[in-house]
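Worksheet for the structure shown next.
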Amino acid sequence: MQDITMRKQSEEEIHRLAFYDALTQLPNRRLLQERLLQSMSLSARSGKHGAVMFIDLDNFKTLNDTQGHDIGDLLLKEIAKRLTRNVREGDTVARLGGDEFVVALEALSSNEQEAATQSELIAEKIRAELVMPYQLNGIEHQSTPSIGVTLFRGHQNSLDEVLKQADLAMYQAKSGGRNMVCFFDPAMQVEMELRAELEKDLRASVHLNQLVLYYQMQVDASGRIVGAEALIRWNHPRRGMVSPAQFIPLAEEIGMIIPIGDWVIEQACAQLKRWEMDPAMRKIILSVNVSPRQLSQPWFVEQVKEAIEKSGIRASKLKLELTESFILDDVGEAIEKMQELRDIGIRFAMDDFGTGYSSLAYLKRLPLEQLKIDQSFVRDIATDKSNAVMVRTIISIANNFGLEIIAEGVETDDQFAFLIQYGCNRFQGYFFGKPVPVQEFERLCRSSVSALPAGM
0 MQDITMRKQS
10 EEEIHRLAFY
20 DALTQLPNRR
30 LLQERLLQSM
40 SLSARSGKHG
50 AVMFIDLDNF
60 KTLNDTQGHD
70 IGDLLLKEIA
80 KRLTRNVREG
90 DTVARLGGDE
100 FVVALEALSS
110 NEQEAATQSE
120 LIAEKIRAEL
130 VMPYQLNGIE
140 HQSTPSIGVT
150 LFRGHQNSLD
160 EVLKQADLAM
170 YQAKSGGRNM
180 VCFFDPAMQV
190 EMELRAELEK
200 DLRASVHLNQ
210 LVLYYQMQVD
220 ASGRIVGAEA
230 LIRWNHPRRG
240 MVSPAQFIPL
250 AEEIGMIIPI
260 GDWVIEQACA
270 QLKRWEMDPA
280 MRKIILSVNV
290 SPRQLSQPWF
300 VEQVKEAIEK
310 SGIRASKLKL
320 ELTESFILDD
330 VGEAIEKMQE
340 LRDIGIRFAM
350 DDFGTGYSSL
360 AYLKRLPLEQ
370 LKIDQSFVRD
380 IATDKSNAVM
390 VRTIISIANN
400 FGLEIIAEGV
410 ETDDQFAFLI
420 QYGCNRFQGY
430 FFGKPVPVQE
440 FERLCRSSVS
450 ALPAGM
């Protein structure tokens, strides 16, 4: 009797391992496929539609990188519970792996439009539930999902085609801004093929030497060039110069932002070394953007130190720009890393200040030298009272904390005059000069005492 019981328990365990996800206890890919085939057969007989939703968590890799896999696993378990609570009896919630979940809905309306409305309501209900805060071992975390949806009826499309359509719709939701629900459209197929090609090319771009740095001048109130920001460009062999707005979000998504960021720091240090030999360039302080994921890497500090030692530059010539979003991660660890680099002379600026999560308490603790006013505030500064108040407040905060202030995105003399009036002392934007290749930037530095337009 005991042998029979043990054999039965073993069979149940084998079945569980074969058909269920070990972490969340949800159906796995194999069981999902079986249930979807059953739903498609049922749909063929009844004439009713079914739907498949692909759900992917936005920025899940960042949570894993900064808080560790244990916290990431806790989030995945909570996601599984919330999904299960928000579907109907008979629907299937499955985990494919990583942060990818699938919801299969069956017995929707036989009318396509009504079925789409039904599935959209369920998808929006799921989205609203998943954005609510999570408590993960004492850490409060907020996550957002990108949800792709496709309808099916019978066997008009194969199982693989239905799953691929939902996946394509999910990627469209991500590229459309994330935290949204998106339905499959046949045009997505072409777009995703282009995206897949771009991703493959981006992965090869570093070792094929296709990346290049452009430089945008930073000036003082007199128009004298005092620094520059290094801005990455991708010189694609077929597409030409690809805008960072196109490839940086993709790099973040596929994990390429770390090797690309490392390359930028190395190249910036090498360029600073070359400028040390040039009397017209040796006073330039060069700013480089650092992503939160890059900062969170355990080896980040050593990598920066190694780039400085290898190039032989004075560390004070390099300024690292961080966005406010890094405060959402382990701010204590970030401060330790910043301080270690500050101790050898590296400068720090907070980029896009006013758009994120900073508090004055954090500002006091961070070893910053500069706050950078986001261009979204500068753009309408002369006509929008709330933007004007925000800019004056940021300048006042910087002054009270003894920080330098720089405004980015300055494009008109009205903006420049306003900023000067309220005490801003560093500027960057098309009003002074657009990002240019290194040779053009060097020519500008050598040929002009002031970058201000003629007559000012």
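Numbering (numbering that gives the first Met the number 0), first residue to last: 0 to 455.
Using N, Cα and C, we set each Cβ at its ideal position, and we do this for glycine too.
Reduced DSSP secondary structure (H/G/I, E/B, other) of residue i
{"i": "Trp-233", "result": "strand"}
{"i": "Ile-419", "result": "helix"}
{"i": "Ile-224", "result": "strand"}
{"i": "Glu-88", "result": "coil"}
{"i": "Ser-199", "result": "The amino acid at residue 199 is misidentified as Ser; the sequence shows Lys. The answer is helix: DSSP assigns Lys-199 an H, G or I state."}
{"i": "Gln-215", "result": "strand"}
{"i": "Pro-248", "result": "helix"}
{"i": "Leu-75", "result": "helix"}
{"i": "Gly-239", "result": "strand"}
{"i": "Ile-264", "result": "helix"}
{"i": "Ile-312", "result": "coil"}
{"i": "Val-435", "result": "strand"}
{"i": "Ala-50", "result": "strand"}
{"i": "Asp-57", "result": "coil"}
{"i": "Ile-307", "result": "helix"}
{"i": "Glu-160", "result": "helix"}
{"i": "Val-189", "result": "helix"}
{"i": "Thr-65", "result": "helix"}
{"i": "Pro-258", "result": "helix"}
{"i": "Thr-411", "result": "coil"}
{"i": "Lys-272", "result": "helix"}
{"i": "Asp-277", "result": "coil"}
{"i": "Ile-70", "result": "helix"}
{"i": "Gln-171", "result": "helix"}
{"i": "Gln-293", "result": "helix"}
{"i": "Ile-283", "result": "coil"}
{"i": "Gln-302", "result": "helix"}
{"i": "Gln-155", "result": "coil"}
Beta-carbon proximity check, residue i vs residue j, cutoff 8 Å
{"i": "Glu-305", "j": "Ile-253", "result": "no"}
{"i": "Arg-94", "j": "Leu-25", "result": "yes"}
{"i": "Val-289", "j": "Leu-319", "result": "yes"}
{"i": "Glu-407", "j": "Asp-383", "result": "no"}
{"i": "Asp-98", "j": "Leu-75", "result": "yes"}
{"i": "Gln-414", "j": "Gln-215", "result": "no"}
{"i": "Leu-340", "j": "Val-303", "result": "yes"}
{"i": "Leu-321", "j": "Asp-350", "result": "yes"}
{"i": "Arg-425", "j": "Glu-403", "result": "yes"}
{"i": "Ile-380", "j": "Phe-417", "result": "yes"}
{"i": "Glu-368", "j": "Phe-347", "result": "yes"}
{"i": "His-154", "j": "Ala-79", "result": "no"}
{"i": "Ile-312", "j": "Cys-268", "result": "yes"}
{"i": "Ile-396", "j": "Tyr-421", "result": "no"}
{"i": "Ile-343", "j": "Ala-314", "result": "yes"}
{"i": "Ile-257", "j": "Gln-209", "result": "no"}
{"i": "Pro-291", "j": "Thr-61", "result": "yes"}
{"i": "Asn-178", "j": "Val-101", "result": "no"}
{"i": "Ala-195", "j": "Ser-286", "result": "no"}
{"i": "Ala-229", "j": "Leu-212", "result": "yes"}
{"i": "Ala-114", "j": "His-48", "result": "yes"}
{"i": "Lys-371", "j": "Phe-352", "result": "yes"}
{"i": "Asp-57", "j": "Leu-22", "result": "no"}
{"i": "Val-409", "j": "Val-377", "result": "yes"}
{"i": "Gln-112", "j": "Ile-405", "result": "no"}
{"i": "Lys-272", "j": "Ser-310", "result": "yes"}
{"i": "Lys-336", "j": "Leu-294", "result": "yes"}
One or two residues paired with residue i in a DSSP bridge
{"i": "Tyr-361", "result": "According to DSSP, Tyr-361 bridges with nothing at all."}
{"i": "Asp-288", "result": "Here the sequence assigns Asn to residue 288, which means Asp is not the residue at that position. For Asn-288, which the question treats as bridged, DSSP gives the partners Glu-320."}
{"i": "Cys-181", "result": "Gly-147"}
{"i": "Gln-427", "result": "The partner list for Gln-427 (beta bridge, DSSP) is empty, contrary to what the question assumes."}
{"i": "Arg-94", "result": "Phe-100"}
{"i": "Glu-403", "result": "Gln-369"}
{"i": "Val-205", "result": "For Val-205, which the question treats as bridged, DSSP gives no partner whatsoever."}
{"i": "Pro-26", "result": "Tyr-19"}
{"i": "Leu-210", "result": "Trp-233"}
Any non-hydrogen atom of the ligand ZN closer than 7 Å to residue i Cβ
{"i": "Leu-362", "result": "This structure does not include the ligand ZN; it has no bound ligands of any sort."}
Inspect the CB distances between the region 147-157 and the region 67-86 and report whether three or more fall short of 8 Å. When Cβ pairs closer than 8 Å are counted between the two stretches, the region 147-157 is seen not to touch the region 67-86, the count staying below three.
Okay, do the region 157-174 and the region 22-41 touch, 3+ Cβ pairs below 8 Å being the bar? Verdict: yes, contact present.
State whether the region 134-141 contacts the region 63-78, with contact taken as three or more CB pairs (one from each stretch) at a distance under 8 Å. Yes: the two stretches touch, three or more of their Cβ pairs being nearer than 8 Å.
Where are the alpha helix (DSSP H) runs, 4 residues long or more, that stay fully inside the region 96-153, in chain order? The alpha helix (DSSP H) runs lying completely inside the region 96-153 and spanning 4 residues or more are 111-129, given in chain order.
With three or more beta-carbon pairs closer than 8 Å as the criterion, would you say the region 179-187 touches the region 198-207? Taking a contact to require three or more Cβ pairs closer than 8 Å, the region 179-187 and the region 198-207 do not qualify as touching.
On the three-pair Cβ rule with 8 Å, is the region 162-177 touching the region 46-65? In the pairwise beta carbon analysis, the region 162-177 is classified as touching the region 46-65: at least three pairs are separated by under 8 Å.
Can you list, in chain order, the stretches of the beta strand (DSSP E) that have 3 or more residues and sit fully within the region 330-399? Within the region 330-399, the complete beta strand (DSSP E) runs of at least 3 residues are 346-352, 369-372.
Assess contact between the region 237-252 and the region 268-283, defined as three or more Cβ pairs (one per stretch) separated by less than 8 Å. Is contact present? The answer is no - the region 268-283 does not touch the region 237-252, with fewer than three Cβ pairs under 8 Å.
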